[in-house]
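Heads up: the structure comes next, in structure tokens.
Number of protein chains: 2
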Amino acid sequence: MSNMIEGNAVIGQSGGPTAVINQSLVGAIKGLGHHGATRPGHPITRILGMRHGVRGLLEDDLIDMTDFEDARLDRLAQTPSAGLGSTRDKPDQAYCEKILKACEKHNIRYFFYIGGNDSSDTCRIVNELSNAIGYDLRCFHIPKTVDNDLVGNDHTPGFPSAARFVALACRADFMDNISLPGIKINVIMGRHAGFLTAASALARRRDRHEGSTDGPQLIYVPEVVFETERFVQDVAEVFDAKGRCHIAVSEGICDAQGNSIGAQLIAGQTDDHGNVQLSGSGALGDVLSDLLKEKLTPAGGTPPRVRADTFGYVQRCWPDASRVDAAEAHGVGRFAAELAASGEVDGSVAIERVSPIGSAQPYAVQYKRVDLSVVAGKTRHMPEYFLDGHNNVSEMFLEYCEPMIGRLPVFERL
Amino acid sequence: MSNMIEGNAVIGQSGGPTAVINQSLVGAIKGLGHHGATRPGHPITRILGMRHGVRGLLEDDLIDMTDFEDARLDRLAQTPSAGLGSTRDKPDQAYCEKILKACEKHNIRYFFYIGGNDSSDTCRIVNELSNAIGYDLRCFHIPKTVDNDLVGNDHTPGFPSAARFVALACRADFMDNISLPGIKINVIMGRHAGFLTAASALARRRDRHEGSTDGPQLIYVPEVVFETERFVQDVAEVFDAKGRCHIAVSEGICDAQGNSIGAQLIAGQTDDHGNVQLSGSGALGDVLSDLLKEKLTPAGGTPPRVRADTFGYVQRCWPDASRVDAAEAHGVGRFAAELAASGEVDGSVAIERVSPIGSAQPYAVQYKRVDLSVVAGKTRHMPEYFLDGHNNVSEMFLEYCEPMIGRLPVFERL
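Chains F and W supply the protein sequences, listed in that same order.
Here my numbering runs 5 ahead of the position in the first sequence, where the first position is 1.
Here my numbering runs 5 ahead of the position in the second sequence, where the first position is 1.
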């Protein structure tokens, strides 16, 4: 620890919570040597938690976690949602100057922020400001997002657990759909990236992938322009062939002009990041449902049975985390602490897959440091090779996801 | 088996699927002595499954399950949703005459129907018709409904598992709500009965029940008239005190005239039972959400953060059944078969609790036969003693539910 500067550490959580974001918090706290931190001579004096992210730091709303018992930390790690509280504040330059002032006030020398691309941008700005004034503050970003949209990462903590929920929900809901046939739309989270919606494909029985008719038969992600007429035609084809149709739609689907279809429907509420509300409303599903009822009603006949569910917030906080995700979320938190202990002065942690996708090698990852600027404020989208046409995902995407989400129950079909 | 008449047995599933309806199917099949049924001298020759309920019987769409391997039955038992397929057909007199004809055609002497109050009514009519013409058909109803609204039952198979999902989802979603504060509405299934919505109260930490501020702080069920102004006032009080509010609302809430508020919002689709569509739409949540945004916006200020999720079909088919529910669902199926074996000629199976609610005795139930007319076509509502004022449930309701749903994970709060 010779390269470590003496002072306090602060940790915060930001953005949409996940089922495993507290694993990262606990990983960092343990990695910083809690308990140990109170030993004379340990460079880190106190480990402070920010309540509701950087807002808590500005408002002196901090919780001292230095002496937390292991048993309490272990329970916290398994608790979904941001234990410290989260925030949607997106600090600008002036806000970040206040963050820096608060760090000086509390003799904070280590700043850890768990979040998505906006949070890494906060880290980047605070880091640049501290460098500019010569205050030795070491800023680390710890990745988190169910959207899986961080650049430089194979995948992000939070995504595998949300993907597991989506796959399980779609597998069970497809059984419901064949039991009481009709057209069923499930709207899934993902503002700009379709990974989570695409994970619905994991619901299909794997051994029947070739030519499988398991649902969802149609998958729409934001990376592919959503054309209403083509959508109606897709559904009509499946419905005509099977008398039912199971559909996964991302909340973030956009028209040819790049306008979010959901955002146009939901009387606009915007957060400080300029993000329009997409979640917490059933509007998109209901409009698509009404559209299908209207277009697919035979002349003089009755409309088909169409239902839409919007998975909502439970998909990001469902308390049955993927074990791989829980371990990795813990791992990135601990790795950030280790970076600090090794004398690194800043950086973001990224997950790198060391076993090639689809190879016979056992799934394995390693953590690495990347520059804050690599991740900050950027959005990763689904690459072409994860897509198959305009309404399906590729075999490679399934192989990419499978090791992360854990085993799914096998259902019996009569 | 001396009182048993020789012939085939038929089993069907009807209405909304559940996580454990296949347990009842398998319980009945095993109770009828499958494999054994093929032995010479066994009164039941074949065990037939109706595809999509009575519709399959009319259309000769039957599956012979007599020789199903145990391993397959055991997998089927653990598969959510109706394995045979379900139906929303509500047979009238003429339809039931066709059912009876199909029974004669296939030499069916045992008719088992797994479903809710509409399904028990089908059993009742078919039973009366067979008695009237002197065809010896033994009709048994096996209870099932997540709504928990069957008369004569302590509770119904399917409800505990759905209640478990609702409690888990609300417990996790409440952590989300305190992490990113705002007003959160969760719309929960229950067309006429509030039991499932009321189960959201199980999300609260039990050891802090007295004066607990855990969500949901407000619960609205169909048994209590929903008054819009009172609702807004309730939410304002909680929101003013805490800066957040967590609300559970039944899809079936009604105004003072008894009109369903949700049904008025959803462009009406009606099934053959005359039931208007309530599920598979986010309309009710969105309207309540818009109402709160409008009414709770301070003069010249910004609207509060309000989000609404509608739990949708996953709550009835989530593949993590309560163990108690799985065992009881199996038990009622097996008991129906035992009734038939004992020479009973008709009836519905009911669950009776033998340990008083809230007593120190271990939870225990027994199954009993009740007349079809007790259950048929009737709806059970939440009794007064399960309610506490117009927006909460009683301690007794919590004690009623707790033994059925199984242990919930304990979350750590900072």
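Heads up, the beta-carbon is just placed ideally off N, CA and C, and yes, glycines get one too.
Enclosing beta strand (DSSP E) for residue i [first to last residue]
i      : result
F:M55  : I49 to M55
F:I2   : With chain F represented from 6 up to 419, any question about residue 2 of chain F goes unanswered, as that position is not in the structure.
W:S353 : D351 to R358
F:K149 : It is not in any beta strand (DSSP E) - F:K149 carries neither H nor E in the DSSP assignment.
F:F116 : I113 to G120
F:C250 : C250 to S255
F:Q371 : V370 to V375
W:A424 : Outside the displayed span of chain W (6 to 419) sits residue 424 of chain W, for which this structure offers no information.
F:I224 : L223 to Y225
F:N191 : I188 to I193
Counted within 10 angstroms of its Cβ, other Cβ atoms place residue i as buried (16 or more) or exposed
i      : result
F:Y368 : exposed
F:Q98  : exposed
W:R412 : exposed
F:A246 : exposed
F:R60  : buried
W:N8   : exposed
W:R211 : exposed
F:I104 : buried
F:P361 : exposed
F:V370 : buried
W:V311 : buried
W:T1   : In the structure as shown, chain W begins at 6 and stops at 419. Residue 1 of chain W is therefore absent and cannot be evaluated.
W:S125 : buried
Residue interval of the alpha helix (DSSP H) (run including residue i)
i      : result
W:V240 : T233 to K247
F:R328 : R328 to A346
W:R321 : V319 to C322
W:Y100 : Q98 to K110
W:D314 : Here W:D314 belongs to no alpha helix (DSSP H); instead the beta strand (DSSP E) covers V311 to T315.
W:L81  : D75 to A82
F:K298 : A288 to K300
W:I183 : F164 to S184
W:E400 : E400 to I410
W:S29  : I26 to G36
W:R418 : No alpha helix (DSSP H) holds W:R418; DSSP gives it neither H nor E.
W:I266 : I266 to L270
F:G61  : V59 to L63
Beta carbon proximity, residue i to chain A, threshold 8 Å
i     : result
F:L81 : Within the model displayed, chain A is absent; protein chains F and W are what it includes.
Heavy atom of the ligand FAD within 7 Å of residue i beta-carbon
i      : result
W:G352 : Although the ligand FAD was asked about, the structure shown includes no ligands whatsoever.
Whole-number beta carbon distance between residue j and residue i, since they are thought to touch under 8 Å
i      : j      : result
W:G17  : W:M70  : The Cβ separation is near 12 Å, so there is no contact.
W:A253 : F:V319 : Actually they are not in contact, since the Cβ atoms of W:A253 and F:V319 sit about 13 Å apart, beyond 8 Å.
F:A107 : F:L134 : About 12 Å; that fails the 8 Å criterion.
F:N396 : F:Y225 : 6 Å
F:L89  : F:I113 : With 8 Å as the limit, F:L89 and F:I113 do not qualify as a contact, their Cβ atoms being about 15 Å apart.
F:T127 : F:C101 : 7 Å
W:T384 : W:N153 : Not confirmed; about 11 Å, so no contact.
F:G285 : F:G317 : 7 Å
W:A304 : W:G287 : Between W:G287 and W:A304 the Cβ distance is about 29 Å, and since that is not below 8 Å, they are no contact.
W:H251 : W:P221 : 5 Å
W:A345 : W:R129 : 17 Å between Cβ atoms; not a contact.
F:E417 : W:R328 : Actually they are not in contact, since the Cβ atoms of F:E417 and W:R328 sit about 19 Å apart, beyond 8 Å.
Could you say if the segment 331 to 341 of chain W and the segment 197 to 207 of chain F meet the contact criterion of at least three C-beta pairs nearer than 8 Å?
Output reads no: the segment 197 to 207 of chain F does not touch the segment 331 to 341 of chain W.
Compile a chain-ordered list of the residues in the segment 236 to 247 of chain W whose CB is closer than 7 Å to at least one CB of chain F.
Correct list: empty, as no residue qualifies.
Okay, do the segment 368 to 380 of chain F and the segment 173 to 192 of chain F touch, 3+ Cβ pairs below 8 Å being the bar?
No: the two stretches stay apart, fewer than three of their Cβ pairs being nearer than 8 Å.
Mind checking the segment 162 to 182 of chain W against chain F and listing, in chain order, the residues whose C-beta falls within less than 7 Å of any C-beta there?
From the segment 162 to 182 of chain W, only L173, A174, A177, D178, M180 and D181 have a Cβ closer than 7 Å to chain F.
Scan the segment 60 to 81 of chain F for residues whose Cβ lies nearer than 7 Å to a Cβ of chain W and list them as they occur along the chain.
Residues I68, R77, R80 and L81.
Across the segment 177 to 184 of chain F and the segment 139 to 156 of chain F, are there enough close Cβ pairs to call them in contact, namely three or more that are closer than 8 Å?
No, the segment 177 to 184 of chain F is not in contact with the segment 139 to 156 of chain F.
Any C-beta of chain F within less than 8 Å: which residues of the segment 303 to 325 of chain W qualify?
Against chain F - using a Cβ distance shorter than 8 Å - the residues of the segment 303 to 325 of chain W are P308, R310, V311, R312, A313, D314, T315, F316, G317, Y318, V319, R321, C322, W323, P324 and D325.
Residues of the segment 362 to 379 of chain W with a CB closer than 8 Å to any CB of chain F: list them in chain order, please.
Within the segment 362 to 379 of chain W, no residue qualifies.
For the pair the segment 398 to 409 of chain F and the segment 159 to 171 of chain F, tell me if three or more CB-CB distances fall below 8 Å.
Look at the beta carbons and you see the segment 398 to 409 of chain F touching the segment 159 to 171 of chain F: at least three pairs across the two are nearer than 8 Å.
Indicate whether the contact test is met: 3 or more Cβ pairs, each with one atom in the segment 232 to 248 of chain F and one in the segment 22 to 35 of chain W, closer than 8 Å.
With a cut-off of 8 Å, the segment 22 to 35 of chain W and the segment 232 to 248 of chain F do not count as touching, because too few Cβ pairs lie within range.
Between the segment 164 to 173 of chain F and the segment 200 to 210 of chain F, are three or more C-beta pairs nearer than 8 Å?
Enough Cβ pairs lie closer than 8 Å, so yes.
Interfacial residues, the segment 80 to 106 of chain F to chain W, with Cβ spacing under 8 Å:
Listed in sequence order: R80, L81, Q83, T84, P85, S86, A87, G88, L89, G90, S91, T92 and R93.
Interfacial residues, the segment 198 to 209 of chain W to chain F, with Cβ spacing under 8 Å
Correct list: empty, as no residue qualifies.
Counting beta carbon pairs with one atom in the segment 320 to 327 of chain W and one in the segment 289 to 296 of chain F, are three or more of them shorter than 8 Å?
Touching, no, given that fewer than three Cβ pairs across the two stretches are closer than 8 Å.
Interface positions of the segment 137 to 157 of chain W facing chain F (Cβ-Cβ less than 8 Å), listed along the chain:
Going along the segment 137 to 157 of chain W in chain order, one finds no residue with a Cβ nearer than 8 Å to chain F.
Interface positions of the segment 15 to 31 of chain W facing chain F (Cβ-Cβ less than 7 Å), listed along the chain:
Within the segment 15 to 31 of chain W, the residues whose Cβ lies closer than 7 Å to some Cβ of chain F are P22, listed in chain order.
Any residues in the segment 406 to 418 of chain F with a beta carbon nearer than 8 Å to a beta carbon of chain W? Which ones, in chain order?
Taking 8 Å as the upper bound on Cβ-Cβ separation, chain W lies near residues P414, V415, F416, E417 and R418 of the segment 406 to 418 of chain F.
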